[in-house]
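Okay, so here's the structure we're looking at.
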Amino acid sequence: MTDLLEIMRTRRSVRKYTAQEISDEDVKKILSAALLAPSGHSKYPCEFIVVKNRETLEKMSHCRVNVAKMLESAACAVVVIADKEKSDTIVEDSSVAMMNMELEATSLGIGNCWIQIRGRNDSADNASSEEYLRGILNFPENFACQSVLALGYAEKMPRQRELDKLKFEKIHYENF
């Protein structure tokens, strides 16, 4: 079994990708990790939009000011949306699903980058990033878009984090 701490140490944001495609089998594994994520009160409000179309990815790359450009070269993107009418824990549930996907992608050797959408603006007219993506992907109004996961094989793998350099002074026991 793979050491989870090692996968976490290896996971870094990747913003430049090769042209290599991601297999459908690997995309399904990444999505399975999202569907395995726990959910507040077991409501499971999250749904996922998988985008591989080059034109759509290029349009999506404008959803955030100077942040989502990597979508232009990504092999795939997974858009995390959650039904606001189903649960009051959509931010938490979406975040856990996103982290599961990042860790699974990393374990498969696939670079990834979390793009925050909630509360952010697009690069065209400073409108809501969520509304910009809704205009492209047509998800219903009762769904909030939390984030987008860019996926692709890294042009260059970022340096892994060193366990001996973690800031353990940030950990407090019993009280602050």
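Residue 40 in our numbering sits at position 40 of the sequence shown, with consecutive numbering throughout.
Note that CB positions come from ideal geometry on N, CA and C, so glycine has one too.
As the structure is a prediction and not an experimental result, all values here were calculated from the model.
By a beta-carbon distance limit of 8 Å, Ile110 does not contact Asp3. Their separation comes to about 18 Å. Burial is judged here by how many other beta carbons sit within 10 angstroms of a residue's own beta carbon; Phe143 has at least 16 and is buried. In its chain, beyond the 5 residues on either side, Val96 have a beta carbon closer than 7 Å to the beta carbon of Pro38. DSSP lists Val78 and Trp114 as the beta-bridge partner residues of Leu149.
Per DSSP, reduced to three states, the secondary structure at Glu162 is coil, with no helix or strand assignment. Exposed is the label assigned to Thr18, since fewer than 16 other Cβ atoms lie within 10 Å of its Cβ. Residue range Ile90 to Ser107 is occupied by the alpha helix (DSSP H) that includes Ile90, with no beta strand (DSSP E) assigned at that position.
Cβ neighbours of Lys156 within its own chain (closer than 8 Å, five residues either side excluded): Lys16.
Within the model, the alpha-carbon separation for Asp122 versus Ala33 is close to 28 Å. The DSSP-derived three-state label of Ile49 is strand. For Met8, the enclosing alpha helix (DSSP H) covers residues Leu4 to Thr10.
A distance below 8 Å between beta-carbons, with the five flanking residues on each side excluded, links Glu102 to the following residues of its chain, in chain order: Arg11, Asn112, Trp114 and Leu149. Between Ser61 and Lys69, the beta carbon gap of about 5 Å places them in contact (Cβ cut-off 8 Å). Under the three-state reduction of DSSP output, Ser128 falls in the strand class. For Met60, the enclosing alpha helix (DSSP H) begins and ends at Arg54 to Met60. In the three-state reduction of the DSSP assignment, Phe143 falls in the strand class, which pools E and B.
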